[in-house]
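Visitor: Sharing a structure below in structure tokens format, with a few things to ask.
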Amino acid sequence: MSEGALAKGYEFAEVESRWYSFWEENGFFRADQTSSKPPFSVVIPPPNVTGQLHIGHALNDTLQDILCRYKRLKGFEVLWVPGTDHAGIATQNVVERRLAAEGLTRHGIGREAFQERVWEWRAKYGSIIINQLKRLGASCDWSRERFTMDEGLSRAVRQVFVTLYNQGLIYRGKRMINWCPRCMTALANIEVEGEELSGALYHIRYPLVSGKGALIVATTRPETMLGDTAVAVNPQDNRYRGLEGQMVALPLSERHIPVIADSYVEREFGTGALKVTPAHDFNDFDLRTRHNLDILQVIEERGQMSELAGPYAGMDRFACRKQILKDLEKGGFLVKTEPYTHRVGHCYRCHSVVEPMLSLQWFVSVKPLAQKAMEAVREGKTKIVPVKWENDYFNWMENLEDWCISRQIWWGHRIPAWFCKDCGEVVVSAEAPGKCPKCSGSSLEQESDVLDTWFSSSLWPFSTLGWPDKTLELQKFYPTSTLVTAFDILFFWVARMMMMGLRFMEEVPFREVYVHALVRDAEGHKMSKSKGNVIDPLLMMDKYGTDALRFALTAFAVQGRDIKLSEERIEGYKHFVNKIWNAARLLLMNLEGFQGPIDVPEKITGLAHRWILSRFQKVTAETCHALDNYLFNQYAQLLYQFLWHEYCDWYLEIVKPDLYGEDMEAGRVARSVAAAVLQDVLVLLHPVMPFITEEIWQRMKPWSPDSGASIMGASFPKSRPELLDPQAEEQMETVMSVILAIRNIRGEMNVAPSLKVEVVCLCDKDSHLELLERERRMVCDLAKCSGLTLGKAGETPKPNQAAGTVVGNIEVFVILKDILDFESESARLQKEIVKLEKEFAMTSRKLSNDDFLQKAPPDVIEKEREKNGRLGEKIEKLNRRLEIMKGLRENKTT
RNA sequence: AGGCACGUAGCUCAGUGGGAGAGCGCUACCUUGACGCGGUAGAGGCCGACGGUUCGAAACCGUCCGUGCCUACCA
Numbered sequence: 003m004s005e006g007a008l009a010k011g012y013e014f015a016e017v018e019s020r021w022y023s024f025w026e027e028n029g030f031f032r033a034d035q036t037s038s039k040p041p042f043s044v045v046i047p048p049p050n051v052t053g054q055l056h057i058g059h060a061l062n063d064t065l066q067d068i069l070c071r072y073k074r075l076k077g078f079e080v081l082w083v084p085g086t087d088h089a090g091i092a093t094q095n096v097v098e099r100r101l102a103a104e105g106l107t108r109h110g111i112g113r114e115a116f117q118e119r120v121w122e123w124r125a126k127y128g129s130i131i132i133n134q135l136k137r138l139g140a141s142c143d144w145s146r147e148r149f150t151m152d153e154g155l156s157r158a159v160r161q162v163f164v165t166l167y168n169q170g171l172i173y174r175g176k177r178m179i180n181w182c183p184r185c186m187t188a189l190a191n192i193e194v195e196g197e198e199l200s201g202a203l204y205h206i207r208y209p210l211v212s213g214k215g216a217l218i219v220a221t222t223r224p225e226t227m228l229g230d231t232a233v234a235v236n237p238q239d240n241r242y243r244g245l246e247g248q249m250v251a252l253p254l255s256e257r258h259i260p261v262i263a264d265s266y267v268e269r270e271f272g273t274g275a276l277k278v279t280p281a282h283d284f285n286d287f288d289l290r291t292r293h294n295l296d297i298l299q300v301i302e303e304r305g306q307m308s309e310l311a312g313p314y315a316g317m318d319r320f321a322c323r324k325q326i327l328k329d330l331e332k333g334g335f336l337v338k339t340e341p342y343t344h345r346v347g348h349c350y351r352c353h354s355v356v357e358p359m360l361s362l363q364w365f366v367s368v369k370p371l372a373q374k375a376m377e378a379v380r381e382g383k384t385k386i387v388p389v390k391w392e393n394d395y396f397n398w399m400e401n402l403e404d405w406c407i408s409r410q411i412w413w414g415h416r417i418p419a420w421f422c423k424d425c426g427e428v429v430v431s432a433e434a435p436g437k438c439p440k441c442s443g444s445s446l447e448q449e450s451d452v453l454d455t456w457f458s459s460s461l462w463p464f465s466t467l468g469w470p471d472k473t474l475e476l477q478k479f480y481p482t483s484t485l486v487t488a489f490d491i492l493f494f495w496v497a498r499m500m501m502m503g504l505r506f507m508e509e510v511p512f513r514e515v516y517v518h519a520l521v522r523d524a525e526g527h528k529m530s531k532s533k534g535n536v537i538d539p540l541l542m543m544d545k546y547g548t549d550a551l552r553f554a555l556t557a558f559a560v561q562g563r564d565i566k567l568s569e570e571r572i573e574g575y576k577h578f579v580n581k582i583w584n585a586a587r588l589l590l591m592n593l594e595g596f597q598g599p600i601d602v603p604e605k606i607t608g609l610a611h612r613w614i615l616s617r618f619q620k621v622t623a624e625t626c627h628a629l630d631n632y633l634f635n636q637y638a639q640l641l642y643q644f645l646w647h648e649y650c651d652w653y654l655e656i657v658k659p660d661l662y663g664e665d666m667e668a669g670r671v672a673r674s675v676a677a678a679v680l681q682d683v684l685v686l687l688h689p690v691m692p693f694i695t696e697e698i699w700q701r702m703k704p705w706s707p708d709s710g711a712s713i714m715g716a717s718f719p720k721s722r723p724e725l726l727d728p729q730a731e732e733q734m735e736t737v738m739s740v741i742l743a744i745r746n747i748r749g750e751m752n753v754a755p756s757l758k759v760e761v762v763c764l765c766d767k768d769s770h771l772e773l774l775e776r777e778r779r780m781v782c783d784l785a786k787c788s789g790l791t792l793g794k795a796g797e798t799p800k801p802n803q804a805a806g807t808v809v810g811n812i813e814v815f816v817i818l819k820d821i822l823d824f825e826s827e828s829a830r831l832q833k834e835i836v837k838l839e840k841e842f843a844m845t846s847r848k849l850s851n852d853d854f855l856q857k858a859p860p861d862v863i864e865k866e867r868e869k870n871g872r873l874g875e876k877i878e879k880l881n882r883r884l885e886i887m888k889g890l891r892e893n894k895t896t
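If you use our numbering, the first sequence corresponds to residues 3 to 896, in order.
Following this line, the structure appears as structure tokens:
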């Protein structure tokens, strides 16, 4: 390939690697907080610093990039803040695994050294996902990249904590929480995922101390019986009447526990008798409060049985279950075992079975915060798109319980609270206090717990802009414009950002939230590494190119429906990318020697030019409408259809003779219009396909009126209503349908593509006659005609040795002198007539229905009449044609 | 158990009150000077089932079947 020429196929790998660094180095992603342009700002949902780009990120970030690039083209000052979060538990787990590989433990090396190890790890691997985002083409302002553990963001975290504490919205208390025995930390309720487990329901006999019989309880967790402090029955349950207040002897134990009555107990479930273990079950804990029961913690933090479990002390909880069952059986206490499937809480980070536990933790009292967050959405200060998610948002907000924010891990923001060893005072302060404010003692010890990662994420929209300082960035870019996210973190993140933003900025964190689909596998399951059903976006980019992947994701991004991604379709869009490349190639090959700049000439007379310009006007408007309303799939669809099926299939084919012909003026106009439209389409397409559009735009630059450095700085095609041309569109439709009719006949009659045919068109209307006369060349070129005879219907005789059809009011004949087979032409006509008659019958039925004529709107009736008339005429003409063919066939055979 | 989606061409999916659509796949033909990652033509659908509203339903309502997701304290 000679220098400057374009490769025959688009080589995406080479192109993509070139432009991203060009954009970045030239600062095209950088936002100017002093700009006078209107702001458009987005904060990225920060991926875990431990993470790898998965297909969900690819979708999420592609959509954000589309919005950002679109708004830049539209003249906004765009800020897209990137960054990562420290993912406390997940990252700690990763680094602990590494330590384990070296034979070390975090407790072994100590807190300080462990934290150093995590920072080292982050320095080494933390940029992986950032680089993957770059590979995707994300136009983030990397000069403002943030990390939730940065000093600035940590300062924001401390200030928020102290403020909420002083306002009484953060408190420390002993409450039931969910505990992960593997991660060794408390979890928020929302971080517990219910998973179906097939276990068993064990029926166990608890003998009455009185000796008169026994109560049978049913449980899925027999090991907790060691911590039972009561047996509960429903007061309405006749089976157990009179037992309330009696004592039962707890098997495998010396203890006697009371029978209590509480309406909470379901009579129909199990045996109707419930063992009560207040230390290890949320509901049992509530029963304890009502009935003043003892609490016996028999499982401790590692998931092992505690001292209180007597002979079972030190056993793992699941091993203990087995042993207890054995012992119960031996003692004759196990009455029945039935298989039972139920939902059990699992840690969302490590998938261990969580343990409900009574524990001293820090909590945010969320009710007052949630109130404001709901109001803001109700009042429309923040719009959730699609609106159906508002229900889920309200529903969740209304049923909120206090948020447990302390974690017993080492990687995260250490809670800014100190305990006085002398007097027990709790001091909460942004900076370490020198002495105890109460007793002036100096032996203060900082709380060892750290904060939930989502606590820092909830501040993300303003902490990343410099809060608590009053920065220009906050002034210019807060509230942010749009948050783009999947629904699965609506509660984890979006809801909490709403609460914190309203509290600390007194303004919503974002004007709009676009909730996009989740990418699922072919069976509709969530993709996850453990299931092995992931589609790796990096692999897709390697195979099909980034633009193709982005386009596929965009075309799939329908509101309110999850995405079942298919690789075939990504491949299909790679072909589209190649098609664009080749359209550009055709043009560039023809621009050589052309004097720029390309522009739409003042006066355009050619039909095809008027048509494509008019169509482009519409497509531009539709593009804006789609993007302004987050209709991403429409956006993709629109451009695909226009570029391939209108611009390439028709327009370029039509102007080719001008490009290759000798008419200089026609050639100049064709080049100008074709190039101007392509250049503008590139801009429309740029948000979704940044790479190829930049590549072509740059190659077209020598002829372009735009002297900018990059397509990123181009301006969005202006609306030019004067180019809208309904007449040209209508006339083109007529010409195109004549061409399609001829092609159809050629195809049906098996005329070789290389064979040129004579065509006769008979028109009712003079306007059609004139139109076809003017566009004679277009028809001949695109339908492969050697000649086109035009005539007035009724005046010009219809050719016999021809296959014919009807297009609107135009009769079209393809002369097939010696090759016409009357038999197959009759069959073809017959087939078409049958099809049309079905439609005709349907419209006729409608038009003979009085109800329809009376109740349907006039324009619908008119349309129906018109259609009916058209069909009737067409059928008549075809029938006459059929008669002639039959006659000819008989003549021939006789 | 409750709630929310979704069942449209072989596959993946658009369309949401008045003529059943796209991409891929399939069939036939084609080295037409951008592209075979292409071109032209074509086959393929009682729009999950049943009932209702309506002049008119793939679309709106109800019931059922199937699938998926979310929420819940029946141990």
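All residues carry an ideal CB built from backbone N, CA and C; glycine is no exception.
For PRO209, which beta-bridge partners are listed by DSSP?
Guide: For the purposes of this step, residue 209 is taken as residue 207 along the first sequence, with counting starting at 1. Answer by DSSP bridge pairing, in chain order: ALA216.
Visitor: Considering only residues of the same chain and omitting the five flanking positions on each side of TYR314, which have a CB-CB separation below 6 Å?
Guide: As a working note, residue 314 is residue 312 in the first sequence. If we look at TYR314 and ignore the five residues flanking it on each side, its Cβ neighbours are MET307, CYS322.
Visitor: What residue range does the alpha helix (DSSP H) around VAL486 cover?
Guide: On the first sequence, position 484 is the one that residue 486 refers to. First-last for VAL486: 482-488, but that is the beta strand (DSSP E), not the alpha helix (DSSP H).
Visitor: Quick one, which of THR807, ALA843, VAL267, LEU593 has its alpha-carbon nearest ALA678's?
Guide: The count along the first sequence starts at 1 and reaches residue 678 at position 676. The shortest Cα separation from ALA678 among THR807, ALA843, VAL267, LEU593 belongs to LEU593.
Visitor: Go ahead and pull the three-state DSSP assignment for VAL602.
Guide: Position 600 of the first sequence holds residue 602. Correct three-state label for VAL602: coil.
Visitor: To which residues of the same chain is LEU245 closer than 6 Å at the C-beta, ignoring the five residues directly before and after it?
Guide: By one-based count along the first sequence, residue 245 stands at place 243. For LEU245, where only same-chain residues beyond five positions count, the Cβ hits under 6 Å are VAL261.
Visitor: Less than 8 Å separating the beta-carbons of LEU289 and ASP264?
Guide: By 1-based counting over the first sequence, the position of residue 289 is 287. By 1-based counting over the first sequence, the position of residue 264 is 262. Yes; because the gap between Cβ atoms is below 8 Å, this pair is in contact.
Visitor: Count the other C-beta atoms from every protein chain shown that fall within 10 angstroms of the C-beta of PRO237, then say buried if there are 16 or more, exposed otherwise.
Guide: Stepping through the first sequence from its first residue, residue 237 is reached at position 235. PRO237 should be labelled exposed.
Visitor: Kindly indicate which three-state DSSP category ARG522 falls into: helix, strand or coil?
Guide: Taking the first sequence and counting its residues from 1, one reaches residue 522 at position 520. Of the three classes helix, strand and coil, the one that applies to ARG522 here is strand, per DSSP.
Visitor: Mind checking who GLU514 pairs with in its DSSP beta bridge?
Guide: Locating residue 514 in the first sequence gives position 512, where the first residue counts as 1. Looking at the DSSP assignment, GLU514 forms a beta bridge with LYS385, THR484.
Visitor: With DSSP collapsed to three states, give me the class of TYR12.
Guide: For the purposes of this step, residue 12 is taken as residue 10 along the first sequence, with counting starting at 1. In this structure, TYR12 counts as coil in the three-state DSSP scheme.
Visitor: Mind listing, in chain order, the continuous alpha helix (DSSP H) runs of no fewer than 4 residues lying wholly within the stretch 385-460?
Guide: 391-400, 455-459, all fully within the stretch 385-460.
Visitor: For the stretch 189-275, which segments carrying the beta strand (DSSP E) assignment without a break, of at least 3 residues, lie completely within its bounds, in sequence order?
Guide: With a minimum length of 3 residues, the continuous beta strand (DSSP E) runs that stay inside the stretch 189-275 are 194-209, 216-221, 232-235, 249-251, 258-263.
Visitor: Restricting to Cα atoms, I'd like to know which of SER145, ARG184, LEU362, THR36 is closest to ARG99.
Guide: Taking the first sequence and counting its residues from 1, one reaches residue 99 at position 97. The shortest C-alpha separation from ARG99 is found at ARG184.
Visitor: How many whole angstroms separate the CB atoms of THR686 and PRO719, which I take to be in contact at a CB cut-off of 8 Å?
Guide: The residue labelled residue 686 in the question sits at position 684 within the first sequence. The residue labelled residue 719 in the question sits at position 717 within the first sequence. Just to set this straight, residue 686 is Leu in the shown sequence, not Thr. With 8 Å as the limit, LEU686 and PRO719 qualify as a contact, their Cβ atoms being about 7 Å apart.
Visitor: What are the boundary residues of the beta strand (DSSP E) that includes ILE817?
Guide: Your numbering for residue 817 matches position 815 in the first sequence. It spans 812-817 - the beta strand (DSSP E) in which ILE817 sits, taken as one unbroken run.
Visitor: Look at ARG409 and GLY175 and say whether their C-beta atoms are less than 8 Å apart.
Guide: Counting from 1 along the first sequence, the entry for residue 409 is found at position 407. Counting from 1 along the first sequence, the entry for residue 175 is found at position 173. Taking 8 Å as the Cβ cut-off, ARG409 and GLY175 do not qualify as a contacting pair.
Visitor: Note down the Cα distance separating VAL45 from TRP462, rounded to an integer number of angstroms.
Guide: As a working note, residue 45 is residue 43 in the first sequence. As a working note, residue 462 is residue 460 in the first sequence. Going from the Cα of VAL45 to the Cα of TRP462 covers about 8 Å.
Visitor: Write down the C-beta distance between THR279 and THR226 rounded to the nearest angstrom, noting that I regard them as a contact closer than 8 Å.
Guide: Counting from 1 along the first sequence, the entry for residue 279 is found at position 277. Counting from 1 along the first sequence, the entry for residue 226 is found at position 224. That pair is a contact at about 4 Å.
Visitor: Touching or not, the stretch 427-434 and the stretch 110-123, by the rule of three or more beta carbon pairs under 8 Å?
Guide: Contact fails: fewer than three Cβ-Cβ distances are below 8 Å.
Visitor: Taking contact to mean 3 or more Cβ pairs, one atom from each stretch, closer than 8 Å, check whether the stretch 346-357 and the stretch 244-258 are in contact.
Guide: The stretch 346-357 vs the stretch 244-258: no contact.
Visitor: Hey, would you say the C-beta of GLU731 is under 7 Å away from at least one heavy atom of the ligand SAM?
Guide: In the structure on display, the ligand SAM does not appear, and there are no ligands present to speak of.
Visitor: Is the stretch 619-634 touching the stretch 659-673 in the sense that three or more CB pairs, one from each, lie closer than 8 Å?
Guide: Taking 8 Å as the limit for Cβ pairs, the verdict is that the stretch 619-634 does not touch the stretch 659-673.
Visitor: Could you tell me whether the stretch 831-848 touches the stretch 764-782, using the rule of 3 or more Cβ pairs below 8 Å?
Guide: Touching, no, given that fewer than three Cβ pairs across the two stretches are closer than 8 Å.
Visitor: From GLU864 to ASN851, what distance separates their C-alpha atoms?
Guide: If you number the first sequence from 1, residue 864 lands on position 862. If you number the first sequence from 1, residue 851 lands on position 849. About 14 Å.
Visitor: Any idea if CYS422 is buried or exposed, counting beta-carbon neighbours within 10 angstroms, 16 or more meaning buried?
Guide: Here the question's residue 422 lines up with position 420 in the first sequence. CYS422 should be labelled buried.
Visitor: Is the beta carbon of VAL366 closer than 8 Å to that of LEU492?
Guide: On the first sequence, position 490 is the one that residue 492 refers to. On the first sequence, position 364 is the one that residue 366 refers to. Contact flag unset, no.
Visitor: Measure the Cβ-Cβ separation of ALA638 and VAL690 and say whether it is below 8 Å.
Guide: As a working mapping, residue 638 is identified with position 636 in the first sequence. As a working mapping, residue 690 is identified with position 688 in the first sequence. Going by C-beta atoms, ALA638 is nearer than 8 Å to VAL690.
Visitor: With which residues is LEU173 paired in a DSSP beta bridge?
Guide: The residue labelled residue 173 in the question sits at position 171 within the first sequence. Checking the sequence, you will find Tyr at residue 173 rather than Leu. TYR173 pairs with PHE365.
Visitor: In angstroms, rounded to a whole number, what distance separates the CA positions of HIS688 and ILE57?
Guide: Indexing the first sequence from 1 puts residue 688 at position 686. Indexing the first sequence from 1 puts residue 57 at position 55. Roughly 21 Å separates the two Cα atoms.
Visitor: Short check: CB of ASN133 to CB of ASP87, under 8 Å?
Guide: For the purposes of this step, residue 133 is taken as the residue at position 131 of the first sequence. For the purposes of this step, residue 87 is taken as the residue at position 85 of the first sequence. Contact flag unset, no.
Visitor: Using the Cβ count rule (16 or more neighbours within 10 Å means buried), how would you classify HIS647?
Guide: Locating residue 647 in the first sequence gives position 645, counting from the first residue. The residue is exposed, with fewer than 16 neighbouring Cβ atoms inside 10 Å.
Visitor: Tell me which residue opens and which closes the alpha helix (DSSP H) that ALA321 is part of.
Guide: Position 319 of the first sequence, counted from the start, is the residue given in the question as residue 321. Start and end: 319-332.
Visitor: Roughly how many whole angstroms lie between the Cα atoms of ALA33 and TRP469?
Guide: What you label residue 33 is simply residue 31 of the first sequence in a count that begins at 1. What you label residue 469 is simply residue 467 of the first sequence in a count that begins at 1. Between ALA33 and TRP469, the C-alpha separation is close to 18 Å.
Visitor: Apart from the five residues on each side of it in sequence, which residues of its chain come closer than 8 Å, Cβ to Cβ, to GLY196?
Guide: Start at 1 with the first residue of the first sequence, and residue 196 comes out as number 194. Around GLY196: ARG345, VAL346, GLY347, HIS348.
Visitor: Let me know if CYS142 comes out buried or exposed under the rule of 16 or more other beta-carbons within 10 Å of its beta-carbon.
Guide: One-based indexing of the first sequence puts residue 142 at position 140. So CYS142 counts as buried.
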